[in-house]
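Undergrad: First the structure, then my questions, so here it is.
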Amino acid sequence: MQESPSISNNKPVDISIIVPFYNEEENVLPLYESIKDVMEETHKSFEMIFVDDGSADGTFHVLSDIAERDSLVRIISFRRNFGQTAAMAAGIDHSSGDIIIPLDGDLQNDPGDIPWLLEKLEEGYDVVSGWRKDRKDSPISRNLPSLVANKIISLISGVHLHDYGCSLKAYRRDVIQEVRLYGEMHRFIPIYAVWHGAKVAEIEVRHRPRRHGRSKYGIERTFKVILDLIVVKFLGQYVQKPIYVFGGLGILCVLGGFLTGFWAAYLKYARNTSFIQTPLPQLCVLLFVLGFNAILLGLLAEISTRIYYETQHKKTYLIREKRNFDSEK
35 MQESPSISNN KPVDISIIVP FYNEEENVLP LYESIKDVME ETHKSFEMIF
85 VDDGSADGTF HVLSDIAERD SLVRIISFRR NFGQTAAMAA GIDHSSGDII
135 IPLDGDLQND PGDIPWLLEK LEEGYDVVSG WRKDRKDSPI SRNLPSLVAN
185 KIISLISGVH LHDYGCSLKA YRRDVIQEVR LYGEMHRFIP IYAVWHGAKV
235 AEIEVRHRPR RHGRSKYGIE RTFKVILDLI VVKFLGQYVQ KPIYVFGGLG
285 ILCVLGGFLT GFWAAYLKYA RNTSFIQTPL PQLCVLLFVL GFNAILLGLL
335 AEISTRIYYE TQHKKTYLIR EKRNFDSEK
């Protein structure tokens, strides 16, 4: 393996490749070599940012060995496992490329598809998303939940992609640098981009069966994704006016309280039905209490929103150490 020519880490590059690793010791070296071979053929300046997401095996040691030989490789190591989204956020925060390309560290994404992503970007798109049409995963535990989740995400967000879960994507920096990532929200970046006026395209990419290690995700991830989607929808449309959500719910509850109270009074005076013979009075009181509480919660959310926009954003990760970075970002 030849050492790459030195490059100043303060100098922007054309492309930043970001790869999160979590217990992928056997996959690190072959993935690095594959990425380097592909990127050198593009004749563009690039950097590789490898994020060790608190691995318990020898992943960090392999990454360190590579970083010692190749100054184009930057290493970020977390103190513990924070998850793929936090690792992706760290890579983006510490990248300098005009184009950012993340991919998985399990060798299932093919770096050979990167030139196709770049070619599509050149057509005037801001985001190009990979679609694993021929996916090499378990049909029941992985592919079916993913299919359902993608349908739901497209329906709710209004952004229609076949494969939100594919990590292999290409982003122009100006559409991603202000996006704050939490939970499993790295997959929703195309939605944020569209909401901010970006042009998004999708192309088919290759998907390879896992050769080493085991998958860290199961069917339970689908439920987490759906919950995160609710958050994304809220943040996208109501984060600046949360009173619309909580206040709207509160008004519905109050109206429900009036209706049930009116019906209870009608039964008593028109049908001689005592209040103690129907649960309507209790339901009326409950709805009024819920309604007023929801409205008050909305007011508190409005105050919290203003505090949020007036304070400094905190990171979602803690870095143990970094390699081959000339300055802190």
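Residue numbers (this note's numbering): 35 to 363.
Positions of the beta carbon are idealized from the N, C-alpha and C atoms, including for glycine.
Fair warning: this is a prediction, and the values are worked out from it, not measured in the lab.
Quick one: what does DSSP say residue 204 is sitting in, helix, strand or coil?
TA: To locate residue 204, count along the sequence shown from 1; it is residue 170. It is a strand residue.
Undergrad: Quick one: complete beta strand (DSSP E) runs, 3+ long, within the region 285 to 362?
TA: Segments of the beta strand (DSSP E) lying fully in the region 285 to 362: 353 to 357.
Undergrad: Could you check if residue 81 is buried or exposed, using at least 16 other CB atoms within 10 Å of its CB as the buried criterion?
TA: Position 47 of the sequence shown holds residue 81. A residue is called buried once 16 or more other Cβ atoms fall within 10 Å of its Cβ, and residue 81 is buried on that count.
Undergrad: Should residue 224 and residue 182 be called a contact, given that it needs their Cβ atoms to be closer than 8 Å?
TA: The residue you call residue 224 lines up with position 190 of the sequence shown. The residue you call residue 182 lines up with position 148 of the sequence shown. Not closer than 8 Å, so no.
Undergrad: Among the residues of its own chain, which have a CB less than 6 Å from the CB of residue 226, if the five just before and after it don't count?
TA: Taking the sequence shown and counting its residues from 1, one reaches residue 226 at position 192. If we look at residue 226 and ignore the five residues flanking it on each side, its Cβ neighbours are 213.
Undergrad: Is residue 85 helix, strand or coil by DSSP?
TA: One-based indexing of the sequence shown puts residue 85 at position 51. Looking at residue 85 - three-state DSSP - the assignment turns out to be strand.
Undergrad: Which residue comes first and which comes last in the alpha helix (DSSP H) that contains residue 123?
TA: By 1-based counting over the sequence shown, the position of residue 123 is 89. Looking at the DSSP string, the run of the alpha helix (DSSP H) that includes residue 123 is 118 to 127.
Undergrad: Suppose you measure from the CA of residue 324 to the CA of residue 99; what does that come to, to the nearest Å?
TA: Looking up residue 324 in the sequence shown gives position 290. Looking up residue 99 in the sequence shown gives position 65. Between residue 324 and residue 99, the C-alpha separation is close to 59 Å.
Undergrad: Would you mind reading off the limits of the beta strand (DSSP E) that contains residue 130?
TA: Along the sequence shown, read from residue 1 onward, the residue named residue 130 stands at position 96. It is not in any beta strand (DSSP E) - residue 130 carries neither H nor E in the DSSP assignment.
Undergrad: Once the 5 residues before and after residue 281 are set aside, which same chain residues still bring their CB inside 6 Å of it?
TA: For the purposes of this step, residue 281 is taken as the residue at position 247 of the sequence shown. Cβ neighbours of residue 281 beyond the five flanking positions: 329 and 332.
Undergrad: Check the DSSP bridge columns for residue 235 and list the partner residues they point to.
TA: Here residue 235 refers to the residue found at position 201 of the sequence shown. The partner list for residue 235 (beta bridge, DSSP) reads 162.
Undergrad: Let's see if you can read the secondary structure: which residues bound the beta strand (DSSP E) around residue 54?
TA: Position 20 of the sequence shown, counted from the first residue, corresponds to residue 54. Run containing residue 54: 49 to 55, per the beta strand (DSSP E) assignment.
Undergrad: Could you spell out where the alpha helix (DSSP H) holding residue 190 opens and where it closes?
TA: Working through the sequence shown from its first residue, we reach residue 190 at position 156. Residue 190 -> alpha helix (DSSP H) spans 178 to 191.
Undergrad: With a threshold of 7 Å, establish whether the CB of residue 178 neighbours any heavy atom of the ligand MN.
TA: Among the components of this structure there are no ligands whatsoever, and the ligand MN is therefore not found.
Undergrad: Please report the straight-line C-alpha distance between residue 200 and residue 163, rounded to a whole angstrom.
TA: On the sequence shown, position 166 is the one that residue 200 refers to. On the sequence shown, position 129 is the one that residue 163 refers to. Between residue 200 and residue 163, the alpha-carbon positions lie close to 8 Å from each other.
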